[in-house]
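Engineer: Dropping a structure here in C-alpha cells format, bear with me for questions.
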Amino acid sequence: MTILERVISSFQSLGGVANLKDIYEVYKSISTKEEISKTFDRSIQARIEENSEDSDAFKGNNIFKTLYGKGKGVWFLVESFQNLDEAKFVYEFKQKNLSIWKEISKKKLHSNDYVRNQIKIHRGERGIYRDISRTKKFSFTDGICQSVLDTGEKYDDVLTDTHLTYFYPDTIHKTRDIGEINSLKNCCNLNIPIFVVLGIGRDKSKKEIRLGYVQRFNDDQRSFLISFVKEETKHVIPIDDIIEVQNEDESKDQLFVNSRERKKRLSSSRGNNQPKFSSDVFNYYQNECAVCGIKYFLEAAHIVPVKDKGSDNKRNGLILCKNHHKGFDDNFFKINPSNYKIEIIKKNGSLLNINRNSLNQLKNKPGKIFLDWRYTKYKR
Ligand SMILES: [Zn+2]
147 MTILERVISS FQSLGGVANL KDIYEVYKSI STKEEISKTF DRSIQARIEE NSEDSDAFKG
207 NNIFKTLYGK GKGVWFLVES FQNLDEAKFV YEFKQKNLSI WKEISKKKLH SNDYVRNQIK
267 IHRGERGIYR DISRTKKFSF TDGICQSVLD TGEKYDDVLT DTHLTYFYPD TIHKTRDIGE
327 INSLKNCCNL NIPIFVVLGI GRDKSKKEIR LGYVQRFNDD QRSFLISFVK EETKHVIPID
387 DIIEVQNEDE SKDQLFVNSR ERKKRLSSSR GNNQPKFSSD VFNYYQNECA VCGIKYFLEA
447 AHIVPVKDKG SDNKRNGLIL CKNHHKGFDD NFFKINPSNY KIEIIKKNGS LLNINRNSLN
507 QLKNKPGKIF LDWRYTKYKR
C-alpha cells in the first residue's frame, strides 16, 4: 500500500472525518515498522494537502477537505459525506460524546436521574436511545444512536469486560425497531462512540456507563458487536479493533491462546460464549449449522476446546446448532481433516440427525491444524 492509500484507509477506519492526531495513531497501527519513518506525520500531512483543493499544495485529486479551514488539523474524506455540514455534524457529535465521557468516566456508578436528566444520554427503559430531533438530519433519516441500555434481562446479550453482543430490538413496533437498528448502524459506519448503560443486578436506581464502539453488525444473527474503550487509554479511539488485521494467512493459525487472551477470557461476567470469538466465527461462515444446515439456535463452537486452551481464531470455530454443539463437545462425531468428512464416532451418534456427509459445502473452511489436533486427540 502507498502512503496515500494508508492515509485514506485510516480515515475510513475513523468514519471518514478525523483530526490529525487520531489519523497518526491509526496510521501507525496499520503500518509495519519499516513503513513508519521518523517524519511519517509530515508525509501524511503532505499527502493530504497534495490531494485537497483547500490547500495551496494541491496537485493530485480532490480527496480531502478541511473541516474548519487550513491549519486546524481536522480533515474529512470528500466521498464519505454529502457536504461539509454533514461531516461537521458527525465530527461534533463524536467530540461531544467524548467530552461527556471525560466527565462521567471519573465515577463508576451513576444515578438514573443523572443519566436521564442531567447528562441526558439515555431516556426511559428502552434499549436503543437516539435523540431524533437533534440527529435526524442529512442522510441520517433514522437519526444517530447515542446510547444503548443493557439490563441483561430481556435479550440474550452477552457481556464481558471488553465486549458486548447486543441483539436487535424485537418488539411489536417494527418500524421503530428498524429505525433504532439503523441509528446504531450509523454509529458503526461513522465510528461514533456510544454510551453503553448497564443495569447492575437488583439495584435499579444506579447505572454503570461505558464508552463503546460498534465494531460490526450481523443481520442474520441480528446482533451488534460493541467493544469497550479501556479506561486507561490515552486516545479514545478503538485502536485495538483497527490493528486487529484479520488473519487470512492460514499458515499463521495459532493452535492455543496466548496469555493476554487468556486473561480476557477470565473477565467474562455474563454468558459463556465470548462475544468477539462468536462474532468472528459468524462473520467467517454462512449462518447455518455446519452439519445439519438449520438456521436457528446457532452457536459458535471451538474445535480445539477452551478447556484445552484452544485459540479464539475464527478458523478454530464452527457454527453448530445447540444440538450438534453438544454432540460435538461430547464427541459423538468428528471431522476428518483430510477430506472434511463427518465421521460418527459413538454408536448412537446416528440419532443426532446429522444430514450432511461433510463440511464441503462451507465456502470458508475451518483451519486444518485445529481439525488435525482434535482428530488425533479424540481417537475412536
Ligand atoms: Zn445442527
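Each number in our numbering corresponds to the 1-based position in the sequence shown with 146 added.
Where a beta carbon is used, it is the ideal one built from N, C-alpha and C, also for glycine.
Give the secondary structure of S415 by DSSP, where H, G and I count as helix, E and B as strand, and everything else as coil.
Structural biologist: Sequence index remark: in the sequence shown, residue 415 carries index 269 (1-based). Any reading at S415 must be qualified, since the residue scores a pLDDT of 47, below 50, and its modelled position is unreliable; no value is offered.
Engineer: Return yes when the C-beta of I481 is under 6 Å from any heavy atom of ligand 1, and no when it is not.
Structural biologist: Taking the first residue of the sequence shown as position 1, residue 481 is located at position 335. No, since every heavy atom of ligand 1 falls outside the 6 Å radius drawn around the Cβ of I481.
Engineer: Residue range of the beta strand (DSSP E) that Q228 falls in?
Structural biologist: Taking the sequence shown and counting its residues from 1, one reaches residue 228 at position 82. Taken as a continuous stretch (DSSP letters only), Q228 belongs to no beta strand (DSSP E), as it is neither H nor E.
Engineer: With a 10 Å radius around its C-beta and 16 neighbouring C-beta atoms as the bar for buried, classify K211 as buried or exposed.
Structural biologist: Walking along the sequence shown from the start, residue 211 turns up at place 65. Per the 10 Å Cβ criterion, buried.
Engineer: Going straight from the alpha carbon of L344 to that of V304, what length do you get?
Structural biologist: To locate residue 344, count along the sequence shown from 1; it is residue 198. To locate residue 304, count along the sequence shown from 1; it is residue 158. Between L344 and V304, the C-alpha separation is close to 12 Å.
Engineer: In terms of residues, what are the limits of the beta strand (DSSP E) holding V360?
Structural biologist: The sequence position of residue 360 within the sequence shown is 214, counting from 1. 349-364 is the extent of the beta strand (DSSP E) around V360.
Engineer: Per the contact definition of three or more C-beta pairs closer than 8 Å, is the region 352-361 in contact with the region 331-342?
Structural biologist: Output reads yes: the region 352-361 touches the region 331-342.
Engineer: Mind listing, in chain order, the residues whose beta carbon lies closer than 7 Å to a non-hydrogen atom of ligand 1?
Structural biologist: Cβ-based neighbours of ligand 1 within the cut-off: C435, V437, C438, I440, L466, C467, N469, H470.
Engineer: Would you list the one or two residues that DSSP bridges to K184?
Structural biologist: Mapped onto the sequence shown, residue 184 falls at position 38. None, per the DSSP bridge assignment.
Engineer: DSSP three-state call for N207: helix, strand or coil?
Structural biologist: The residue you call residue 207 lines up with position 61 of the sequence shown. N207 falls in the coil class under three-state DSSP.
Engineer: Use the C-beta contact count for S373: other C-beta atoms within 10 angstroms, 16 or more gives buried, fewer gives exposed.
Structural biologist: In the sequence shown, the residue the question calls residue 373 occupies position 227. Its Cβ being crowded by 16 or more others within 10 Å, S373 is buried.
Engineer: How would you label R280, buried or exposed, when you count the other beta carbons within 10 angstroms and need 16 or more for buried?
Structural biologist: For the purposes of this step, residue 280 is taken as the residue at position 134 of the sequence shown. Classification for R280: exposed.
Engineer: How many whole angstroms separate the CB atoms of L295 and G325, which I take to be in contact at a CB cut-off of 8 Å?
Structural biologist: To locate residue 295, count along the sequence shown from 1; it is residue 149. To locate residue 325, count along the sequence shown from 1; it is residue 179. With 8 Å as the limit, L295 and G325 do not qualify as a contact, their Cβ atoms being about 16 Å apart.
Engineer: Rounded to the nearest angstrom, how far is the Cβ of H256 from that of K352, given a contact under 8 Å?
Structural biologist: Taking the sequence shown and counting its residues from 1, one reaches residue 256 at position 110. Taking the sequence shown and counting its residues from 1, one reaches residue 352 at position 206. Contact holds; Cβ gap of about 7 Å.
Engineer: In this structure, how does DSSP classify F157 when only helix, strand and coil are distinguished?
Structural biologist: Sequence index remark: in the sequence shown, residue 157 carries index 11 (1-based). F157 falls in the helix class under three-state DSSP.
Engineer: Report the partner residues of K487 according to the DSSP bridge assignment.
Structural biologist: Here residue 487 is taken as the residue at index 341 of the sequence shown, counted from 1. According to DSSP, K487 bridges with S504.
Engineer: Determine the DSSP secondary structure at R276, reduced to helix, strand or coil.
Structural biologist: Along the sequence shown, read from residue 1 onward, the residue named residue 276 stands at position 130. In this structure, R276 counts as strand in the three-state DSSP scheme.
Engineer: Given that a residue counts as buried once 16 or more other Cβ atoms are within 10 Å of its Cβ, and exposed if not, what is Q507?
Structural biologist: Within the sequence shown, the letter at position 361 stands for residue 507. Burial call: exposed.
Engineer: Ligand 3 heavy atoms versus the CB of W247: any closer than 6 Å?
Structural biologist: This structure lacks ligand 3; the ligands present are ligand 1.
Engineer: My output table needs one value for F516: the three-state DSSP class, helix, strand or coil.
Structural biologist: Taking the sequence shown and counting its residues from 1, one reaches residue 516 at position 370. Helix, per DSSP.
Engineer: Kindly provide the ranges of any beta strand (DSSP E) runs that are 3 or more residues long and lie completely inside the region 318-351, ordered along the chain.
Structural biologist: For the region 318-351, whole beta strand (DSSP E) runs of length 3 or above, ordered along the chain, are 340-346.
Engineer: Less than 8 Å between the CB atoms is what I'm expecting for D288 and N328, so what's the real figure, rounded?
Structural biologist: Along the sequence shown, read from residue 1 onward, the residue named residue 288 stands at position 142. Along the sequence shown, read from residue 1 onward, the residue named residue 328 stands at position 182. Confirmed, Cβ separation roughly 4 Å.
Engineer: Under a three-way DSSP split, which group does Y524 fall into?
Structural biologist: Reading the sequence shown from its first residue, position 378 is the one you call residue 524. Correct three-state label for Y524: coil.
Engineer: Provide the residue span of the alpha helix (DSSP H) that contains L137, from first to last.
Structural biologist: As displayed, the chain neither begins before 147 nor continues past 526, which places residue 137 out of reach and without an answer.
Engineer: State the start and end residues of the unbroken alpha helix (DSSP H) segment that holds N469.
Structural biologist: Counted from its first residue, the sequence shown places residue 469 at position 323. Residues 468-475.
Engineer: Alpha carbon to alpha carbon, what distance is there between F313 and N433?
Structural biologist: Position 287 of the sequence shown holds residue 433. Position 167 of the sequence shown holds residue 313. Rounded to whole angstroms, N433 to F313 spans 16 Å at the Cα level.
Engineer: Hey, F153 and I182 are a contact pair by Cβ (cut 8 Å); roughly how many whole angstroms apart?
Structural biologist: Here residue 153 is taken as the residue at index 7 of the sequence shown, counted from 1. Here residue 182 is taken as the residue at index 36 of the sequence shown, counted from 1. The sequence given here places Val at residue 153; Phe does not occur at that position. At roughly 13 Å, the Cβ-Cβ gap does not stay under 8 Å, so V153 and I182 are not in contact.
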